[in-house]
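Here our numbering is used: the first residue of the sequence shown is 4, the next is one more, and so on. For every residue, glycine included, the Cβ atom is placed at its ideal position computed from N, Cα and C. Owing to the predicted nature of the structure, the values given are computational and were not obtained by experimental measurement. Take a look at the structure below.
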Amino acid sequence: MVRQLGELENDIMTRVWQWNRPVTVREVLQDLRSEREIAYTTVMTVLDKLFRKGWLRREQVGRAYVYEPVSSREAYTAALMNDAWATSDNPAAALVHFFGLMSPEQREALRDALRVTAPAPADSEVDTGETGTA
């Protein structure tokens, strides 16, 4: 089960995901300070906790660590959605309600995603290059 990120964890992970490169504590701190007053040690502690929880990997470069995400924001979101769906007593009904909450754009994005991930129909023949002889 994936634990939902706390507010500050989410704010930090959002930056790490958006920047899509290794980041330092100082970079995250400077960006966060445009929105709130926050201490260097607070950002350092949260990045360390995210590393220990498996959300980030880190590498020492000189005297500082650089952090980068282990997985994408999309993978995190999908895991949260899967956990929420799996806890329902009636997953089919939960999906129906979820679809009802979606905007037309979200429904179209879902249709596109299903086209990409849907398996080929069972009755279609796929050329595997084998002649069928043993």
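Under 9 Å between C-beta atoms of residue i and residue j
i, j, result
"VAL69", "GLU77", "no"
"THR45", "LEU11", "yes"
"ASP92", "VAL5", "no"
Rounded separation between residue i and residue j - CA only
i, j, result
"GLU30", "GLN109", "33 Å"
"ASP14", "GLU71", "14 Å"
"GLY65", "ALA95", "52 Å"
"MET114", "TRP88", "Before going on, a small fix: residue 114 reads as Arg here, not Met. Each residue's alpha carbon lies about 19 Å from the other."
"ASN23", "SER75", "9 Å"
"VAL26", "LEU104", "36 Å"
"ALA81", "ALA67", "32 Å"
"THR17", "PRO122", "32 Å"
"GLY57", "ASP51", "10 Å"
"MET47", "VAL119", "40 Å"
Cβ-Cβ separation, residue j to residue i (assumed contact under 8 Å), whole Å
i, j, result
"LEU59", "VAL49", "Not quite, the Cβ-Cβ distance comes to about 10 Å (not below 8 Å), so this is no contact."
"LEU53", "ILE41", "So it is not a contact: roughly 15 Å between Cβ atoms."
"VAL19", "TYR43", "17 Å between Cβ atoms; not a contact."
"LEU83", "GLN7", "6 Å"
Simplified DSSP assignment, three categories, for residue i
i, result
"THR48", "helix"
"VAL26", "strand"
Practice prompt. Could you pull out every unbroken beta strand (DSSP E) segment of at least 3 residues lying fully inside the region 46-123, listed in chain order?
Written response: 59-64, 67-72
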